[in-house]
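S.K.: In terms of the working numbering, the sequence shown is residues 4 to 243.
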Amino acid sequence: MSRVAVVTGGTRGIGRAICERLQADGFTVAANYAGNDAAADQLKADTGIPSFKFDVGDHEACLEGCAKVVEALGPIDVVVNNAGITRDGTLHKMSYDDWHEVMRINLGGCFNMAKACFPGMRERKWGRIVNIGSINGQAGQYGQVNYAAAKSGIHGFTKALAQEGAKFGVTVNAIAPGYIDTDMVAAVPEPVLEKIVAKIPVGRLGEAQEIARGVAFLCAENGGFVTGSTMSINGGQHMY
Ligand code: CAA
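Right under this line is the structure:
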């Protein structure tokens, strides 16, 4: 029987590419999403991948949502914590709400999904958790104290949970994407983005599939010795 993978924020952008890649690798995939029903329907129509609507920043909703995935597809073996938002702005203009929402969803979502899925992985002695961090969690970014803090937190969360999962066959790793061609990056003002792309040695934005390849590597059946690591996929923009 194939292993079950849940990808948060899985119906669009990097998340969708991860869903498709894991499905191609033989996983039974469930996509979580929070708001865009049309994208969820499109994913289902194109790939057959079912989606489960819940807010990863809401602890109870995560527990309930993951229970529904288990009921529909079986025990969850793989979690890819990909869901994330930006609320960019310099600190002096950033509201508490902009800070809190980014922490609640981007970092809190990792905790909530792990609380829902890690105990079962531990009992079954196999699991893969992949957390999507960011180059901006490694290097910081002007106008992103909230996002950089949350993503940096994800990298610490990964290393701590990796230590707890190791003797139970549960690996926990992170990927730190650079600037990828998605709706999130498209929202960066054009002149700002031009300056950023000019600093990427590879000379272009990344593709969502280039992140999905990294996730597939970390989720492999024989990937048990890779844990607590961060894979940077950023076109050489930050060598860390
Ligand atoms: N370093 C130093 N100064 C900078 C700067 C930087 N990187 N970026 C902007 N500034 C300066 C500007 O030059 C300007 O200075 P002057 O007034 O002296 O000319 C000043 O800061 C104000 O800049 P803006 O006009 O851009 O200010 P704003 O308030 O309109 O916007 C902002 C600020 C929202 C942060 C905007 O600059 C922005 O959106 N920046 C992009 C942030 C970014 O990269 N977000 C990534 C989103 S994608 C993502 O997060 C995915 C991932 O994981 C990689």
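All C-beta atoms in this analysis are idealised placements derived from N, C-alpha and C, irrespective of residue type, glycine included. Computed from a prediction, not measured in an experiment: that's the story for all the values here.
1. Could you compute how far the alpha carbon of Val7 sits from the alpha carbon of Thr93?
2. Assign Phe228 to buried or exposed, taking buried as 16 or more other Cβ atoms, counted over all protein chains shown, within 10 Å of its Cβ.
3. Starting from Phe55, trace the beta strand (DSSP E) both ways and give me its first and last residue.
4. Is any heavy atom of the ligand CAA found at a distance shorter than 7 Å from the C-beta of Thr161?
5. Is Ser137 a contact residue of the ligand CAA, with contact defined as CB to any heavy atom under 7 Å?
6. Among residues of its own chain, excluding the 5 on either side of Lys162, which ones have a beta-carbon nearer than 7 Å to its beta-carbon?
7. Name, in chain order, the residues that DSSP records as bridge partners for Asn1.
8. Should Val205 go down as buried or exposed, given a rule of 16 or more other Cβ atoms within 10 Å for buried?
9. Taking Cβ to Cβ, would you say Gly146 is nearer than 8 Å to Tyr182?
10. Say yes only if the C-beta of Ile199 is nearer than 7 Å to one or more non-hydrogen atoms of the ligand CAA, and no if none qualify.
11. Going by CA-CA distance only, name the one from Gly136, Tyr243, Cys120 that's closest to Val329.
12. Taking all protein chains shown into account, do 16 or more other C-beta atoms lie within 10 angstroms of the C-beta of Pro180, making it buried, or fewer, making it exposed?
13. Are the stretch 124-131 and the stretch 30-49 touching by the rule of at least three beta carbon pairs closer than 8 Å?
14. Hey, would you say the C-beta of Met97 is under 7 Å away from at least one heavy atom of the ligand CAA?
15. Taking only the alpha-carbon atoms, compute the straight-line gap between Glu104 and Ala152 and give it to the nearest angstrom.
16. Is Ser54 closer than 8 Å to Ala70 when the C-beta atoms are compared?
17. Are the stretch 15-29 and the stretch 192-207 touching by the rule of at least three beta carbon pairs closer than 8 Å?
18. For Met187 and Val133, what's the separation of their Cα atoms in angstroms?
19. Between Ala142 and the rest of its own chain, which residues show a CB-CB distance below 7 Å, the 5 nearest in sequence each way excluded?
20. Output needed for Tyr243: all residues of its chain with C-beta closer than 7 Å, excluding positions within five of it in sequence on either side, in chain order.
21. Provide the residue span of the beta strand (DSSP E) that contains Val175, from first to last.
22. According to DSSP, simplified to helix, strand and coil, what is Tyr36?
23. Looking at the structure shown, is Thr31 part of a helix, part of a strand, or coil, going by DSSP?
24. Hey, could you find the ends of the beta strand (DSSP E) Ile214 is sitting in?
25. Based on the DSSP output, what are the partners of Ala163 in its beta bridges?
M.R.: Quick look at the numbers:
1. Here residue 7 is taken as the residue at index 4 of the sequence shown, counted from 1. Here residue 93 is taken as the residue at index 90 of the sequence shown, counted from 1. Distance between the alpha carbons of Val7 and Thr93: 40 Å.
2. Numbered from its first residue, the sequence shown carries residue 228 at position 225. Looking at its Cβ environment, which holds fewer than 16 other Cβ atoms inside 10 Å, Phe228 is exposed.
3. On the sequence shown, residue 55 is found 52 positions in, with the first residue counted as 1. Its beta strand (DSSP E) spans residues 54-56.
4. The count along the sequence shown starts at 1 and reaches residue 161 at position 158. No, since every heavy atom of the ligand CAA falls outside the 7 Å radius drawn around the Cβ of Thr161.
5. Position 134 of the sequence shown holds residue 137. Under cutoff, so the answer is yes.
6. One-based indexing of the sequence shown puts residue 162 at position 159. Around Lys162: Gly231.
7. Residue 1 lies beyond the residue range present for the chain, which begins at 4 and ends at 243; the question has no answer from this structure.
8. In the sequence shown, counting from the first residue as 1, residue 205 sits at position 202. With fewer than 16 Cβ atoms within 10 Å of its Cβ, Val205 is classed as exposed.
9. Counting from one through the sequence shown, the residue named residue 146 turns up at place 143. Counting from one through the sequence shown, the residue named residue 182 turns up at place 179. Contact flag unset, no.
10. As a first step, residue 199 must be located in the sequence shown, where it is residue number 196. At least one heavy atom of the ligand CAA is nearer than 7 Å to the Cβ of Ile199, so yes.
11. A query on residue 329 cannot be resolved here, the shown segment of the chain reaching from 4 to 243 and no further.
12. Numbered from its first residue, the sequence shown carries residue 180 at position 177. Pro180 should be labelled buried.
13. no
14. As a first step, residue 97 is located in the sequence shown; it is residue number 94 there, counting from the start. No, Cβ of Met97 sits at least 7 Å from all heavy atoms of the ligand CAA.
15. Reading the sequence shown from its first residue, position 101 is the one you call residue 104. Reading the sequence shown from its first residue, position 149 is the one you call residue 152. The alpha-carbon atoms of Glu104 and Ala152 are separated by roughly 12 Å.
16. Within the sequence shown, residue 70 is the residue found at index 67, counting from 1. Within the sequence shown, residue 54 is the residue found at index 51, counting from 1. No, these two residues do not count as a Cβ contact at 8 Å.
17. no
18. Indexing the sequence shown from 1 puts residue 187 at position 184. Indexing the sequence shown from 1 puts residue 133 at position 130. Approximately 20 Å, taken between the alpha carbons.
19. In the sequence shown, residue 142 corresponds to position 139, counting from 1. Hits under 7 Å: His241.
20. Along the sequence shown, one-based indexing puts residue 243 at 240. Correct list, in chain order: Gln141, Ser235.
21. Within the sequence shown, the letter at position 172 stands for residue 175. Val175 -> beta strand (DSSP E) spans 173-180.
22. Numbered from its first residue, the sequence shown carries residue 36 at position 33. Strand.
23. As a position in the sequence shown, residue 31 is number 28, starting the count at 1. Note: Thr31 maps to strand in three-state DSSP.
24. Within the sequence shown, residue 214 is the residue found at index 211, counting from 1. From DSSP, Ile214 is part of no beta strand (DSSP E) but of the alpha helix (DSSP H) over 211-222.
25. In the sequence shown, residue 163 corresponds to position 160, counting from 1. Ala163 is not bridged to any residue.
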